[in-house]
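Participant: Here's a structure for you.
Residue numbers (my numbering): -16 to 213.
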């Protein structure tokens, strides 16, 4: 009862929650009707991480810092020193050919869209290739339509077989070739991760190319197998 709820006030679902919540609440976001507005809260703060989602996260952290008694200068220093977290737009390495390899845990359509939008804004002149490994049959099936429009900010997307969960059985009604067809010409279905490695290495992507392994399964494990020698 004596706690505080800190939420992104831009989200329509969150707004519904706030209308029912009777306790103390603080909103943050891009919209001017929030208690804390991103641009004002992060004024004079140069983040090491990129994307609107990270700017929103930083604003949330700023609010929490104030609530626990930190002064603005302490919070700013901490935010500027933050280099990101594992498997969140994580830079893995530069491949021999010059392509830049990143890895991200995104596995929900909203996460995917926001993450890839951030990459497009950060690297506007790069070709972006996303290697996406769907996670669980149930999620892929229920959010099929949303997944089909999640890759608009990339030049190419490679879809693999679904990484199944121990809590569910394979569902033959979920077709990754169908999803590739729904996405369009930019999509390619390669069943196994070994197929992806072979394809990427044969393509010899060079400078000016971003390659992102994406998903909550084991797609990140192929990073050391991507050589793309000159």
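Think of the CB as a built atom: it goes at the ideal place given N, C-alpha and C, for glycine as much as any other residue.
(1) For residue 49, which residues in the same chain have their Cβ closer than 8 Å to its Cβ, ignoring the five residues on either side in sequence?
(2) Exposed or buried, residue 93, counting other C-beta atoms within 10 Å across all chains shown (16 or more means buried)?
(3) Using C-beta distances below 7 Å, list every residue in its chain close to residue 120, excluding the 5 sequence neighbours before and after it, in chain order.
(4) Give me, in chain order, the residues of the same chain whose beta-carbon lies closer than 8 Å to that of residue -5; leave out the 5 immediate sequence neighbours on both sides.
(5) Does the Cβ of residue 22 have 16 or more other Cβ atoms within 10 Å, making it buried, or fewer, making it exposed?
(6) Starting from the N-terminal side, write out each stretch of the beta strand (DSSP E) that is 3 residues or longer and does not extend beyond the stretch -6 to 56.
(7) Spatial neighbours of residue 105 within its chain, please: C-beta separation below 6 Å, excluding the five flanking residues on both sides.
(8) Determine the closest residue to residue 136 out of 41, 17, 10 and 97, with distance taken between C-alpha atoms.
(9) Does residue 122 pass the burial test, meaning 16 or more other C-beta atoms within 10 Å, or should it be called exposed?
(10) For my contact list, residue 143 and residue 173 are in at a C-beta cut-off of 8 Å; report their separation, rounded to the angstrom.
(11) How far does the alpha helix (DSSP H) with residue 130 in it reach, from first residue to last?
(12) Can you check whether the CB of residue 113 is closer than 8 Å to the CB of residue 75?
(13) Using alpha carbons as the reference points, say which of 99, 29, -7 and 42 lies closest to residue 115.
(14) For residue 253, which residues does DSSP report across the bridge?
(15) Tell whether a beta-carbon distance below 8 Å holds between residue 46 and residue 19.
(16) So what's residue 65 in DSSP terms, helix, strand or just coil?
(17) What residue range does the alpha helix (DSSP H) around residue 183 cover?
(18) Can you tell me whether residue 171 is helix, strand or coil according to DSSP?
Facilitator: On the basis of the data shown:
(1) So the qualifying residues of the chain are 55 and 58.
(2) Its Cβ having fewer than 16 others within 10 Å, residue 93 is exposed.
(3) Correct list, in chain order: 145, 147, 151, 153, 154 and 157.
(4) Same-chain partners within the cutoff: there are none.
(5) By the neighbour-count rule (16 or more Cβ atoms within 10 Å), residue 22 is not buried but exposed.
(6) Fully contained in the stretch -6 to 56 are the following beta strand (DSSP E) runs of length 3 or more, in chain order: 7 to 12.
(7) Result list for residue 105: 33, in chain order.
(8) Per the Cα distances, 97.
(9) So residue 122 ends up on the buried side.
(10) At roughly 6 Å, the Cβ-Cβ gap stays under 8 Å, so residue 143 and residue 173 are in contact.
(11) Boundaries of the alpha helix (DSSP H) around residue 130: 127 to 131.
(12) Taking 8 Å as the cut-off, the Cβ atoms of residue 75 and residue 113 do not count as close.
(13) Considering only alpha carbons, the answer is 99.
(14) Coverage of the chain is limited to positions -16 through 213, which leaves residue 253 absent and any answer about it impossible.
(15) Residue 46 is a Cβ neighbour of residue 19, given a cutoff of 8 Å.
(16) In the structure shown, residue 65 sits in coil (DSSP, three-state: anything other than H, G, I, E or B).
(17) Element bounds for residue 183: 176 to 186.
(18) Residue 171: strand per DSSP, three-state reduction.
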